[in-house]
Structures are given as C-alpha cells and as structure tokens.
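In our numbering, the protein residues as written are 494 to 1116.
Working notes, beginning with the structure itself.
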Amino acid sequence: MIVQPIDYFLVVWFVLAALSTAYVAWDQFRHNPEAPVMKWGFTLMTLYMGPLGLLLYVLADKEPHPGTHEQFTADLWKQGVGSTIHCVAGDATGIILAAVVTATLGLPMRVDLIVEYVAGFAFGLLIFQSLFMKASMGGSYLENVRRTVLPEFISMNAMMAGMAPVMSFLMMGRDMRAMVPTELIFWGVMSLGVIVGFAVAYPFNVWMVARRLKHGLMTEPRAPSHSAGQHRGSHIASGHTAHAARSGKGGREHQMQPDATVPQRVAVAFVTSIMLLTGLIVPGFYVNLALSAADVGGSIMPPGMIMPFDTPAETMREMRAIHPRQIVYRAPSDAHGDQPLPPRVENGVKVFDLEAGVMRWNILADVYVDTYAFNRQVPGPRVQLTQGDRVRINVRNSLLESTTVHWHGLVVPNEMDGPAKITQPPIPPGGTYTYEYTVEQAGTFFYHTHDHADRQQAFGLYGALLIAPRDGDEPRADLDYTIQLQEWLKREWLTFPAMLMEGGLPNFFTINGKAYPSTDTISMRTGQTIRLRFVGTHNNFIHPMHVHGGPFEVVALDGATLPKPARYLADTINVGPGQRYDVIWPARRPGKWIVHCHIPHHTTNSNVETKGAGGLTMILDVR
Ligand SMILES: [Cu+2]
494 MIVQPIDYFL VVWFVLAALS TAYVAWDQFR HNPEAPVMKW GFTLMTLYMG
544 PLGLLLYVLA DKEPHPGTHE QFTADLWKQG VGSTIHCVAG DATGIILAAV
594 VTATLGLPMR VDLIVEYVAG FAFGLLIFQS LFMKASMGGS YLENVRRTVL
644 PEFISMNAMM AGMAPVMSFL MMGRDMRAMV PTELIFWGVM SLGVIVGFAV
694 AYPFNVWMVA RRLKHGLMTE PRAPSHSAGQ HRGSHIASGH TAHAARSGKG
744 GREHQMQPDA TVPQRVAVAF VTSIMLLTGL IVPGFYVNLA LSAADVGGSI
794 MPPGMIMPFD TPAETMREMR AIHPRQIVYR APSDAHGDQP LPPRVENGVK
844 VFDLEAGVMR WNILADVYVD TYAFNRQVPG PRVQLTQGDR VRINVRNSLL
894 ESTTVHWHGL VVPNEMDGPA KITQPPIPPG GTYTYEYTVE QAGTFFYHTH
944 DHADRQQAFG LYGALLIAPR DGDEPRADLD YTIQLQEWLK REWLTFPAML
994 MEGGLPNFFT INGKAYPSTD TISMRTGQTI RLRFVGTHNN FIHPMHVHGG
1044 PFEVVALDGA TLPKPARYLA DTINVGPGQR YDVIWPARRP GKWIVHCHIP
1094 HHTTNSNVET KGAGGLTMIL DVR
C-alpha cells in the first residue's frame, strides 16, 4: 500500500532488483564458468543489492569473452568483490531470516540485533563457507569450519558493523513500518543495510584475499574442449593466488597458504570486533533499541517529533499517525458534520447510538484528514435534548484502540461520566458501552472521548450536546449557530494528533470540521440577531474568537445562562479547550462580517491564506 513517497521508490527499486537478479542468475548459470557457490552468492546479493549487485557482477565476474573468466577475474579488487559477495551473501541471508523471525516474535530491537548477528555468522560459516565450499576446497566439513572461522569472523564483524546502524536508525526512526516484514520498507531497509554492510566488509576481504586467508572468485573448468591448461597457466602467471588453490576438476587439493602474521590477524579481528560493537551500541544512544515491532511496529511518527533513546512505546503510540489502512469510510468531500441525531424513544427514554470509527474527511475541497469520528462525521452528530430527559446512549467502538465517552459539564452518575480506567473500564475495540442518565441542566455542552483524549479527541471524537430548558426560558435570538473548534496536524499525506509537543503543532484549523473557505456562510438580514455558541472542542490553544461589525452580548458561560445583570458586551472571547460561550450578535449593517480567531496563524491553512483567510474563519453575510 502506498502510504509515503518512499513507497513509490521502493516499488521501482524492487522491480529493478528482480530484473537484475533474473539477469544475473540467467547469465551465471548459463554462461559463466564460476563456481556454484559464487553463482548463488551473486544471485542472492543481486536480490539484496538490486542494480548495484548487477553492476558488481558485470564489472567483476562476467567474463567479457568465453574462456577469459580466469584472466578477467584475476585483479585483486575483483577477487575482493568475490570474497565479499561470498561472505555477505551467507551472512545477509542469515540476518534477514533472523530479522523476519524476531520481528514476528516481537523481540526488542537490541535482542534482534544479537540474534541476527549469531544467525548471520552461523549461516555464513556453517552453510555458505564450510558446506558450499567443501565441494570446492576438499577436506572434511569440520576442517573447513576451522579454516574459515577467522575470515568469517572478520568479514561478518565488518558487515554487521555497517548493517546494524542502518537497521537501528531506520527501523526505530520515524517510519517504523520498517520493523514489519509485511511492509515493503522493511525490505528496503534490509537492502540498504546489506549494501552498507558490503561496503564496510569489502576492504577487509581485499586484505584477506591478498593474504590468502580467503578465496575470491573462482573459475570452474569448462567442458574438456576448453583448455584447462591454458587457464591454469594464466592464473599462475597472474600471481593471484586466491583462486590458485583450485582450478580444474582434479585440483581439489587445498593449497592456499595464508601469509598473514599472527599479529596481523589478531589486529584485524580486534579492530573489526570494535567496529561491530560500535555499530551495535552507538545507535542506542540515539534511538530506543528496547522497543519491539510488537510495541511500535508499523507506526509512522510526526516529522519534527523529538524521539531520543528514552522515548517509551506509549509516547510513540500516542503520537503516531492514523495508518491509512485503518480507514473504513471516505466521506464525500462536501459532507457536513454536526448533523442532528434523531433519537428513538423506548419506554420514555431517548435512545441514541454512537459509533466511533476511522474515516477520511475533507476539511477543504482539496485537503483531507484521517479522523476518528462518531457516526462518520466531524464533529460527531449533534445530540439535542430537553432538560429533564432520560437518555440512553449506546456507544460502539469500531476503533483499533479502546475508547469512552464523557458528557462534558453534565451532572451524571459517576459511572456514566466516562473517564477511562477511573470510572469505567475502557470500551475495547469492537466493544460497546451504554450510558444512561437524566439530564438536569440546560445549555451548551458537548461530548468527547475520555480515553487517550490527547490523541482521540485531536482526531475528531467530539460532538455538540445542546439542551433546551424545560420552561423554554433562555436568551432568544433569530438564528442559532454552534461553532466547534478543532486543530489538525496533516503532513506528508498523513494525519497526526495535534498536540502541544515538538512536532505535534497543528497546521490546519476547523470550525465544525471545515476550514475557511469551506466553512459555512450564514445569511442574515439587517436587524436580525444570531446566537453563536462557541464550543472549545479542540485540545490545545485558547482561541480569541472575534466577530467583526460591533460587539456581541455574552449571555451564557459553560452551559449556564448568565442572569441579566451579569451579561456583558465584548467583541472577542477567549475560547479555551472545554469552554463554552454563548453570545448574541446583532446584524447592525449589511455586508460580510467575519467571525475568526485572532491568532493570525489560526486563520491560515498550513500558513496559506485563501480568499483572504483560512482555518478558523467564517462569514456572517448580512443583507
Ligand atoms: Cu486560534
């Protein structure tokens, strides 16, 4: 699934890798007199390294003309390529197999790395070096193990010194889909890791080939018509001994005499060990290697989030984007939220059904956000009640995380209040919970999630709860309009929960789920009044909401109507999270009078003004 721009690159890369691998395999097995172990090595490495594997093969191992393989591959740098390919093919295969297993088991990353090292070493030594080479080198299996353990140790250390940091930084980085083997980017990280590991291991392999500690490329004898003698002669003349050990069907005797001194071997083994430890440990100074794919795998974190090595999994889960794969519904781009929810009456109780789910929602004609929403709208449906009503609200949780609903400002039985783990067990994914209470107050209220509200309310789990007074006595206006504020963080095609944290700041702002110019325009006539109910359904800022065209009268605060002497005139009110202000504004003069937040950034759409404004702006159009 294409979720990030890198996914396009990865698709192209792996197509190229497949084509490259097909060519290398075909050419190796059809045309090249290379030893079987190297045929497999090149084929596997081209699978892992894509076009780079193809390049190495063509430059170092593919004979230009039939019969010239031995001569062509004699150069030390080519022998070094062969030696590295041979080693890394085994190591990388072991590492990748282990990575798939550890990721599936959900082991912490730092355990993964150790298991991968052991698996890579074992696979490389016991299978690729000793078993496959036995056919070429002669001798017993155990002799081969003993002979190749030091070269394998040196090469594997260097390889893992390069591959481990790539895996650690990229898997535990922003896009933690890289920890999940079913994601393409996991394989991309593996490929990059093998490429870097190859580059780090290469110089050590060149040295080992030069010192005859390791084999490089080899030439298998062709059919008898080809002159084996000529081959033998040429390589002896070349002076390169790595493949001098064997040549020709009868040449199975192992003649390689290493000429590296003991201090040299010890020094190289020691330094590569230091490199390995550095590669394993140092990334842990920057990213949290204690986490596993089970904790955070698949998460994509916001750009700009500070995520040092002590960032817990809970923090990451709280701030990660909604994965587009979770979306089950895409609302039409002109859909509106805050739609009245008609109750059904059962034995005198008003019954409502709310369902929390994941959907895609347009805040502008050409900008969507991924949301958690009640009943497939943002804001959730409007619940309209009358003081004294008995209500029952069935909440179904269709999210992949638990949730609850809180009735903000209402006096209800404590177990109906909603705070997860405090007054009720959270509603599990797929679960339901029924809230039932009698409404004692009247005024402007709202409902919202009270389970991980930092995340869930930021994603859209809120809606208006408007209660008419039993006696009908409330400040009157000709029109009535509810304004629910919200902040969004949409970047790189993904929606993150907007929060006051590094990397979490919002860049879009909405009134009733729409950013200006997609917000409503209210038509009025001169002399009419409108009751604006500002609701702080958002999570972070205090929005100084301002109306042009003269002051309004503040008639209610937080669902409580002010007695007449306490009402006051103002033209700006600070709507903080959770607060409600009911104001009555008279249309004094014709024209387009705007309602907007007075923090100018909040009247832009990702810092762009469209048609004069953006975000928290709407128009009262008076004629
Ligand atoms: Cu604001």
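Cβ atoms here follow ideal geometry from the backbone N, Cα and C, with glycine treated the same way.
Only a predicted model underlies this, so the values are computations on that prediction, with no experimental measurement involved.
Keeping to the same chain, check which residues put their C-beta closer than 8 angstroms to that of residue i; ignore five residues upstream and five downstream.
i: Leu-878; result: Lys-843, Val-884, Val-932, Leu-958, Leu-959, Ile-960, Ala-961
i: Thr-1096; result: Phe-1002, Tyr-1009, His-1089, Cys-1090, Glu-1102, Ala-1106, Gly-1107, Gly-1108, Leu-1109, Thr-1110
i: Glu-527; result: Gln-521, Phe-535, Asp-554, His-562, Leu-710, Met-711, Thr-712, Glu-713
i: Pro-751; result: Arg-704, Arg-705, Leu-706
i: Met-538; result: Gly-546, Leu-549, Ile-578, Val-581, Ala-582, Ala-585, Val-687, Phe-691
i: Tyr-779; result: Phe-662, Pro-801, Phe-802
Apply the 10 Å Cβ neighbour rule to residue i and answer buried if 16 or more other Cβ atoms are within range, or exposed otherwise.
i: Thr-927; result: exposed
i: Met-1017; result: buried
i: Ser-633; result: exposed
i: Ala-612; result: buried
i: Met-494; result: exposed
i: Asn-1098; result: buried
i: Ala-651; result: buried
i: Phe-939; result: buried
i: Asn-907; result: exposed
i: Trp-680; result: buried
i: Thr-675; result: exposed
i: Arg-667; result: buried
i: Trp-570; result: exposed
i: Leu-548; result: exposed
i: Gly-1029; result: buried
i: Ile-767; result: exposed
i: Leu-1062; result: exposed
i: Lys-1007; result: buried
i: Arg-813; result: buried
i: Thr-897; result: buried
i: Tyr-501; result: exposed
i: Trp-519; result: exposed
Grab me the residues of residue i's own chain with a C-beta within less than 6 angstroms of its C-beta, minus the 5 sequence neighbours each way, in chain order.
i: Pro-999; result: Glu-980, Trp-981, Leu-982, Ala-991
i: Phe-1027; result: Ile-976, Met-1038, Val-1068, Tyr-1074
i: Thr-1012; result: Ile-1004, Met-1111
i: Pro-921; result: Ser-895
i: Met-683; result: Ile-589
i: Ser-576; result: Asn-698, Val-702, Lys-707, Gly-709
i: Arg-853; result: Ile-820, Arg-823, Tyr-861, Asp-863
Taking 8 angstroms as the cut-off, is the beta-carbon of residue i closer than that to any non-hydrogen atom of ligand 1?
i: Ile-1087; result: no
i: Leu-998; result: no
i: Pro-1070; result: no
i: Pro-1037; result: yes
i: Phe-1001; result: no
i: Ile-1092; result: yes
i: Phe-1034; result: yes
i: Leu-1109; result: yes
i: His-941; result: no
i: His-1095; result: yes
Among the options, which has the Cα closest to the Cα of residue i?
i: Phe-522; options: Pro-544, Glu-556, Tyr-974, Leu-509; result: Glu-556
i: Ala-935; options: Trp-900, Gly-953, Pro-919, Ala-510; result: Trp-900
i: Ile-620; options: Thr-937, Trp-533, Asp-964; result: Trp-533
i: Gln-757; options: Gly-881, Gly-911, Pro-644; result: Pro-644
i: Thr-765; options: Thr-1014, Trp-1078, Thr-597, Gly-655; result: Gly-655
i: Glu-811; options: His-945, Leu-1050, Ser-623; result: His-945
i: Val-638; options: Arg-1082, Asp-863, Gly-617; result: Gly-617
i: Met-809; options: Ala-913, Gly-790, Arg-1081; result: Gly-790
i: Gly-881; options: Glu-929, Leu-834, Asn-1033, Asn-887; result: Glu-929
With hydrogens ignored, establish whether the beta-carbon of residue i is closer than 8 angstroms to any heavy atom of ligand 3.
i: Phe-1027; result: The ligand content of the structure shown is limited to ligand 1, which means ligand 3 is not among them.
Note down, in chain order, each residue of its chain lying with its Cβ closer than 7 angstroms to the Cβ of residue i, except the 5 sequence neighbours on either side.
i: Ala-753; result: Arg-704, Leu-706
i: Phe-565; result: Glu-556, Pro-557
i: Gly-797; result: Glu-995, Gly-996
i: Arg-603; result: Gly-777, Leu-782, Ala-783
i: Tyr-865; result: Ala-849, Val-851, Leu-892, Gln-949, Phe-952, Gly-953, Leu-954
i: Tyr-695; result: Gly-573, Thr-577
Beta strand (DSSP E) runs wholly inside the stretch 866-893, at least 3 long, in chain order: 873-879, 883-890
Ordered list of beta strand (DSSP E) runs contained in the stretch 1074-1100, each at least 3 residues: 1084-1090
Quick one: which unbroken alpha helix (DSSP H) runs of 4-plus residues sit fully inside the stretch 1041-1073? Chain order, please. none
Inside the stretch 935-1005 only - beta strand (DSSP E) runs reaching at least 3 residues: 936-941, 955-961, 972-984, 987-989, 1001-1004
Could you name each continuous alpha helix (DSSP H) segment of 4 residues or more that falls completely within the stretch 511-586, going from the start of the chain to the end? 529-542, 544-553, 562-565
What runs of the alpha helix (DSSP H), each 4 residues or longer, lie entirely inside the stretch 742-820? 755-774, 786-789, 806-812
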